[in-house]
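Counting in the UniProt record's numbering, the sequence shown runs from 1 upward without gaps.
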Amino acid sequence: MKKTVIIGSNPKTNNYAFMAAERLKNYGHEFIPIGISEGQVLGKSILNIRDEPKIDEVDTVTLYINPQRQIEWYSYILSLKPKRIIFNPGTENQELKKLAEAQGIICEEACTLVMLSVGNF
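Okay, here's the thing in structure tokens:
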């Protein structure tokens, strides 16, 4: 089981971040939804990123916010000390990737949904 923080979570069921939460849950991974939207994802309250919630033992951060919106959250994302960051399509960010890799964090430009479905998550 890989504890996964989903940044950009949203209660809308047609949203990719929501779909990732569903798939993570189906594959037995713990997920923590974080975003600016209020609401719930599969019974879990979305934590407000503005509060920079402390989360321990994070395996993966999967990003669903565009690179321009990531900038103000660099410090917070890195403070989670994940083993890896997944940059989903449209979230690729060379600046954050370099900062993360300098701290020993594995960075992947990939799709969480595809990774789960093909078994390489």
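The beta carbon of each residue, even a glycine, is placed where N, CA and C say it ideally should be.
Asked                                                                                                                                                                                          : Found
Determine the extent of the beta strand (DSSP E) in which Pro67 is found, giving its start and end residues.                                                                                   : Segment Pro67 to Gln70 is the alpha helix (DSSP H) holding Pro67; no beta strand (DSSP E) there.
Tell me whether Val118 sits in a helix, a strand or coil according to DSSP, three-state version.                                                                                               : helix
Would you report the Cα separation of Tyr64 and Val118, rounded to the nearest angstrom?                                                                                                       : 20 Å
Going by DSSP in three states, Glu57 sits in which element: helix, strand or coil?                                                                                                             : coil
Which partner residues does Ile46 have in the DSSP bridge list?                                                                                                                                : Ile46 pairs with nothing; no bridge assigned.
Go through its chain and collect everything with a Cβ distance to Met115's Cβ below 7 Å, but skip five positions before and after it.                                                          : Phe121
Check whether the Cβ atoms of residue 122 and Pro82 sit closer than 8 Å, and answer yes or no.                                                                                                 : Lying outside 1 to 121, the shown extent of the chain, residue 122 is not represented and no answer is given.
Looking only at its own chain, which residues have a Cβ that is under 8 Å from the Cβ of Ile49, when we skip the five neighbours before and after it?                                          : Ile7, Ile34, Gly35, Ile36, Trp73 and Tyr76
Roughly how far, in whole angstroms, is the beta-carbon of Thr62 from the beta-carbon of Ile32, given that I think they are within contact range, below 8 Å?                                   : Actually they are not in contact, since the Cβ atoms of Thr62 and Ile32 sit about 10 Å apart, beyond 8 Å.
Starting from the C-beta of Ala100, find all residues in its chain whose C-beta is less than 7 Å away, skip the five residues before and the five after it, and write them out in chain order. : Leu78, Ile85 and Cys107
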